[in-house]
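Notes for the one structure printed next.
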Amino acid sequence: GAVVSQHPSWVICKSGTSVKIECRSLDFQATTMFWYRQFPKQSLMLMATSNEGSKATYEQGVEKDKFLINHASLTLSTLTVTSAHPEDSSFYICSARSVSPGRQPQHFGDGTRLSIL
Amino acid sequence: AQTVTQSQPEMSVQEAETVTLSCTYDTSESDYYLFWYKQPPSRQMILVIRQEAYKQQNATENRFSVNFQKAAKSFSLKISDSQLGDAAMYFCAYTADSNYQLIWGAGTKLIIKP
């Protein structure tokens, strides 16, 4: 149980295009989802927290107009990288808040490798 | 503010030997959770072990065990009988947040020598 599916796993696109990444909770309702960015050999950096039906809360320094987050249902959150440029190339990971923190606080997707040419 | 510190960027161990990864944290909370996550080259995030702060007993999961020192705010991970499959990045993480937001350490790259 508690599976989070993230799609696509790898995307390559041209500079200037927009890219949408989907994060779905397959067998549970995710009231809260998290979006992370991970640079090579570094830790996970929280970009934003999204709650179903409300606006996402962005971390300091994250451009909300660049990284659009939508959490329209209890099973789906999306991250859209708008007008992507090579500096947006990175590994992006989503996760969904668990029901109980003692077992596992967040259930993670397998990540998306984004390459902007 | 809560912080998590992993002071070892890289560790190496001979296969079948034991290795300990260090983690310290800073918090003013009394009730919280600590975790060790493994991230292999596939980049999946895999929960290795968890510790509830109110529990005095150190958590163990097969070859993985922790040394939880609450007063010292220390949470080290011991891997016994290291295997090649243990090679990965290991992240220490903390949460006391009602949203279960995790605070992450910088990570330790573990190399297993055959």
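Residue numbers (my numbering), protein chains in the order written: chain Y, 1 to 117; chain L, 1001 to 1114.
Ideal placement from N, C-alpha and C gives every residue a C-beta, glycine not left out.
No experiment lies behind these values; they were computed from the predicted model shown.
Around L:L1102, the same chain offers A1093 and T1095 as residues with beta carbons nearer than 6 Å, after the five sequence neighbours per side are excluded. Taking C-beta separations shorter than 7 Å and ignoring five residues to either side along the sequence, the partners of L:E1052 in its chain run Y1033, following chain order.
In the DSSP assignment, Y:V3 falls outside any beta strand (DSSP E), carrying neither H nor E.
Where L:R1063 is concerned, there is no enclosing beta strand (DSSP E), because DSSP gives it neither an H nor an E. At least 8 Å separates the beta-carbon of Y:C94 from that of Y:W10. When secondary structure is reduced to three states using DSSP, L:D1086 falls in the helix class. Excluding the 5 residues flanking it on each side, Y:F39 has same chain C-beta neighbours closer than 7 Å at S90, in chain order. Taking a contact as a CB-CB distance under 8 Å, the pair Y:T78 and Y:N51 does not count as one, their CB atoms being some 14 Å apart. When Cβ-Cβ separations below 8 Å define contact, L:T1060 makes no contact with chain Y. Interface residue (Cβ-Cβ distance to chain Y less than 8 Å): L:A1106 is classified as such. Under the 8 Å criterion on CB atoms, L:T1027 is classed as non-interfacial with respect to chain Y. Its chain contains H71 and A72 as the residues whose beta carbon lies nearer than 8 Å to that of Y:G53, once the 5 sequence neighbours on both sides are disregarded; these appear in chain order.
Residues of chain Y with a Cβ closer than 8 Å to the Cβ of L:Q1044 are, in chain order, F108, D110 and G111. Across the structure, Y:V19 and Y:C13 are spaced so that their CA atoms are roughly 8 Å apart. L:D1081 sits in coil when the DSSP states are folded into three classes, being neither helix nor strand.
Pairing L:S1082 with L:E1029 gives a Cβ-Cβ distance that is not under 8 Å.
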